[in-house]
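Student: Letter 101 of the sequence shown, counting from 1, is numbered 419 in our numbering, and no numbers are missing.
The C-beta atom is built at its ideal place from N, Cα and C for all residues, glycine as well.
All of these numbers come straight from a predicted model, not from anything done at the bench.
Before I ask anything, let me first share the structure, which is written out below as structure tokens.
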Amino acid sequence: MAILSKGISAEQAASFGAMFFIGITVGRAINGFLAMRMHDESMIRMGQVLILLGIVTVMLPASDTVVLAGLILIGLGCAPIYLLVLLALMVFMHERLIQKPR
């Protein structure tokens with residue numbers, strides 16, 4: 319209902335949401351290669367900067383194209399953070415499972 323009160327159709331809102339997931343998908347592909355050259359901390363910082371830029375872009379009073387670009391930026395920023403959280407969880411669980419009780 320809030321979407322309709324802003325003058326955005328459900329189809330247009332769905333396409334906007336899809337841009338976020340396209341950003342995550344493309345970002346995951348790119349970050350796989352970047353992970354070989356960058357440290358985890360710098361990748362997380364890069365993701366934070368991209369998310370911040372995307373939020374600022376979405377908040378600008380501009381055209382729908384600018385909003386779509388902002389949503390893609392947010393998705394690109396979430397991609398390395400998501401991957402590195404999964405990696406940290408796998409490392410933590412692996413260390414915990416192979417650790418012998420004393």
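Taking the CB atoms as reference points, tell me whether Ile390 and Met337 lie closer together than 8 Å.
Tutor: Locating residue 390 in the sequence shown gives position 72, where the first residue counts as 1. Locating residue 337 in the sequence shown gives position 19, where the first residue counts as 1. Yes, the pair counts as a contact, with Cβ atoms nearer than the cut-off.
Student: So the candidates are Gly345, Met408 and Met411; which of them puts its Cα closest to the Cα of Leu368?
Tutor: Start at 1 with the first residue of the sequence shown, and residue 368 comes out as number 50. Leu368 has its Cα closest to that of Gly345, out of Gly345, Met408 and Met411.
Student: Could you pull out every unbroken alpha helix (DSSP H) segment of at least 4 residues lying fully inside the segment 320-375, listed in chain order?
Tutor: Counting only runs of 4 or more, we get 320-323 and 328-352.
Student: Measure the beta-carbon distance from Asp358 to Leu394 and round it to whole angstroms, keeping in mind my assumption that it falls under 8 Å.
Tutor: What you label residue 358 is simply residue 40 of the sequence shown in a count that begins at 1. What you label residue 394 is simply residue 76 of the sequence shown in a count that begins at 1. In fact, because the Cβ distance is near 17 Å, the residues do not count as touching under 8 Å.
Student: Please report the residue range of the alpha helix (DSSP H) in which Ala405 lies.
Tutor: Within the sequence shown, numbered from 1, the residue matching residue 405 stands at position 87. In the sequence under discussion, the amino acid at residue 405 is Leu, which differs from the Ala named in the question. Its alpha helix (DSSP H) spans residues Asp382 to Ile416.
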